[in-house]
Amino acid sequence: MLTTRTILLPSPRAFCAGVERAVEIVERLLADQGSPIYVRKQIVHNLHVVDDLQSRGAVFVDELDEVPPSATVVFSAHGVAPAVRAEAVRRGLDVVDATCPLVTKVHAQARRYAAAGDTVILIGHADHEEVEGTMGEVPEQTVLVETVDDVTGLTVSDPDRIAYLTQTTLSVDETTVIVEALRSKFPSLRGPAVADICYATSNRQAALSAVVHEADIVLVVGSENSSNSRRLVELALRNGTPARLIDDADELQPEWLDGAQVIGITAGASAPPRLVDEVVRRIASLGPVEIIERAVAVEDMTFTLPLSVRQPASTEVGRGN
Numbered sequence: 013m014l015t016t017r018t019i020l021l022p023s024p025r026a027f028c029a030g031v032e033r034a035v036e037i038v039e040r041l042l043a044d045q046g047s048p049i050y051v052r053k054q055i056v057h058n059l060h061v062v063d064d065l066q067s068r069g070a071v072f073v074d075e076l077d078e079v080p081p082s083a084t085v086v087f088s089a090h091g092v093a094p095a096v097r098a099e100a101v102r103r104g105l106d107v108v109d110a111t112c113p114l115v116t117k118v119h120a121q122a123r124r125y126a127a128a129g130d131t132v133i134l135i136g137h138a139d140h141e142e143v144e145g146t147m148g149e150v151p152e153q154t155v156l157v158e159t160v161d162d163v164t165g166l167t168v169s170d171p172d173r174i175a176y177l178t179q180t181t182l183s184v185d186e187t188t189v190i191v192e193a194l195r196s197k198f199p200s201l202r203g204p205a206v207a208d209i210c211y212a213t214s215n216r217q218a219a220l221s222a223v224v225h226e227a228d229i230v231l232v233v234g235s236e237n238s239s240n241s242r243r244l245v246e247l248a249l250r251n252g253t254p255a256r257l258i259d260d261a262d263e264l265q266p267e268w269l270d271g272a273q274v275i276g277i278t279a280g281a282s283a284p285p286r287l288v289d290e291v292v293r294r295i296a297s298l299g300p301v302e303i304i305e306r307a308v309a310v311e312d313m314t315f316t317l318p319l320s321v322r323q324p325a326s327t328e329v330g331r332g333n
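This note's numbering numbers the first residue of the sequence shown as 13 and each following residue consecutively.
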């Protein structure tokens, strides 16, 4: 007789307000203008979201020179550097900006710190589009730091004029360690009044932290290039719990669950909620399960759509899952 497995579902998980807003922007443009609607880079880092929008007429490009003159182009949720905006103007493109407002806030902070004469230390990953955009705001005054080791060899022109910012999708714990190292080396270090790591990233990490010690394995639904999804896998591994990152239920290997009585399932902020439901159903097809939801926060953040796609003008979207 099969024993009943427990599935722990930490909440919040899956889509956040910024992702919902970005996806809806493309959906509305497709509905209003028809295809093609061009999108620079992936609108969010999720394979299923990109494939779905592509099937409906969105065209994803790496650079603006792939977009025909005067066409509509959407900037992704991760933001872009001023040089990209300038190129769009030069080429006469109709730009709709889907940058997450929390990323926009980091860009504004970078400009303010630089204007005050500070060297801006950006904590983040060099290969991430969000970092490229933020670095591009004031490249001559911005230095990227990825690890504590980077802090050790760091030199700046004026140690008394130094500030830090962070990528919004980092590990809260690891970022805290880097900030402490910076503050130890540069006692005059300034930073944002509110942490740059976004509420959705920190909430999903906190939710997983609340159940990770009970789980025999953690499944994180998200794409390989999703920073916040990968941070969830790392969080589980740091706590001694095996973890797997999967795009969808089709990637689940039943042998991973051998001997696992308690299975934690979460999803990065760019993953659609339906993908979690499909993973739960796949596990339930293997034998009896008890499903337990554990909520650590309720997300009610909303972000207004750009005026160019707002219908009607009072519309607001982005209730977190």
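Heads up, the beta-carbon is just placed ideally off N, CA and C, and yes, glycines get one too.
- Mind reading off the beta-carbon distance from residue 56 to residue 89? Whole number of angstroms is fine, and I expect it under 8 Å. That pair is a contact at about 5 Å.
- Buried or exposed by the 16-neighbour rule on C-beta atoms within 10 Å, applied to residue 127: Answer is exposed; the Cβ neighbour count stays below 16.
- Query: What is the residue span of the alpha helix (DSSP H) that residue 244 lies within?
  - Reply: First-last of the alpha helix (DSSP H) with residue 244: 239-250.
- Buried or exposed by the 16-neighbour rule on C-beta atoms within 10 Å, applied to residue 23: Answer is buried; the Cβ neighbour count reaches 16.
- Item | Expected contact under 8 Å - CB spacing of residue 43 and residue 112 to nearest Å | Their Cβ separation, rounded to whole angstroms, is 22 Å, which puts residue 43 and residue 112 out of contact at 8 Å.
- In chain order, what residues of the same chain have a beta carbon less than 7 Å from the beta carbon of residue 137, not counting five sequence neighbours either side? The answer, listed in chain order, is 143, 158, 179, 239.
- Compute the Euclidean distance between the alpha carbons of residue 83 and residue 272, then round it to the nearest angstrom. One Cα belongs to residue 83, the other to residue 272, and the distance between them is close to 52 Å.
- Task: Measure the C-alpha to C-alpha separation of residue 209 and residue 203 and round it to an integer number of angstroms.
- Result: So the two alpha carbons sit approximately 12 Å from each other.
- Item | Assigned exposure category for residue 229 - 16 Cβ within 10 Å defines buried | Its Cβ being crowded by 16 or more others within 10 Å, residue 229 is buried.
- Task: Measuring alpha carbon to alpha carbon, tell me which of 77, 318, 279, 50 ends up nearest residue 216.
- Result: If you compare the alpha carbons of 77, 318, 279, 50 with that of residue 216, the shortest gap goes to 279.
- Query: Buried or exposed: residue 152, going by 16 or more other Cβ atoms within 10 Å of its Cβ?
  - Reply: So residue 152 counts as exposed.
- Item | Beta-bridge partners of residue 125, as assigned by DSSP | Note: residue 125 is not bridge-paired with any residue in the DSSP secondary-structure output.
- Item | Three-way DSSP call (helix, strand, coil) for residue 95 in this model | If DSSP states are grouped into helix, strand and coil, residue 95 belongs with the helices.
- Item | Unbroken beta strand (DSSP E) run spanning residue 22, endpoints | Here the beta strand (DSSP E) through residue 22 covers 17-23.
- Message: Please list the terminal residues of the continuous beta strand (DSSP E) segment that includes residue 38.
- Response: Looking at the DSSP string, residue 38 is not in any beta strand (DSSP E); the run it does join, the alpha helix (DSSP H), is 29-45.
- Inter-residue Cα distance where the pair is residue 25 and residue 189: Their Cα atoms are separated by approximately 25 Å.
- Would you report the Cα separation of residue 177 and residue 187, rounded to the nearest angstrom? Straight across, the Cα-Cα distance linking residue 177 with residue 187 is about 10 Å.
- Could you tell me if residue 52 is buried or exposed, where buried requires 16 or more neighbouring beta carbons within 10 angstroms of its beta carbon? With 16 or more Cβ atoms within 10 Å of its Cβ, residue 52 is classed as buried.
- Item | Candidates 292, 173, 67, of which the one nearest residue 195 by Cα | Looking only at 292, 173, 67, the smallest Cα-Cα distance to residue 195 is reached by 173.
- Message: Do residue 222 and residue 292 count as a contact pair if the criterion is CB distance below 7 Å?
- Response: Against a cut-off of 7 Å, the Cβ pair of residue 222 and residue 292 comes out as no contact.
- Item | Secondary structure of residue 338, DSSP reduced to three states | In the structure displayed, the chain extends from 13 to 333; residue 338 sits before or after that span and is not available.
- Item | Other residues of its chain near residue 16: CB distance less than 8 Å, five sequence neighbours each side excluded | Result list for residue 16: 299, 300, 301, 302, in chain order.
- Query: How many Å lie between residue 214 and residue 183 at the Cα?
  - Reply: Roughly 8 Å separates the two Cα atoms.
- Item | Three-state secondary structure assigned by DSSP to residue 331 | Unreliable placement is indicated for residue 331, whose pLDDT of 39 sits below 50; the coordinate value is still reported in the next sentence. In the structure shown, residue 331 falls within a coil segment according to DSSP collapsed to helix, strand and coil.
- Segments assigned alpha helix (DSSP H), at least 4 residues, entirely inside the stretch 125-153: If we require 4 residues or more, the alpha helix (DSSP H) runs fully inside the stretch 125-153 come out as 141-147.
- For residue 148, which of 164, 260, 118, 168 has the nearest alpha-carbon? Nearest C-alpha to residue 148: 118.
- Applying the criterion that 16 or more other CB atoms from any shown protein chain within 10 Å of the CB defines a buried residue, is residue 260 buried or exposed? Using a 10 angstroms sphere on the CB of residue 260, the tally of other CB atoms reaches 16 or more, which defines it as buried.
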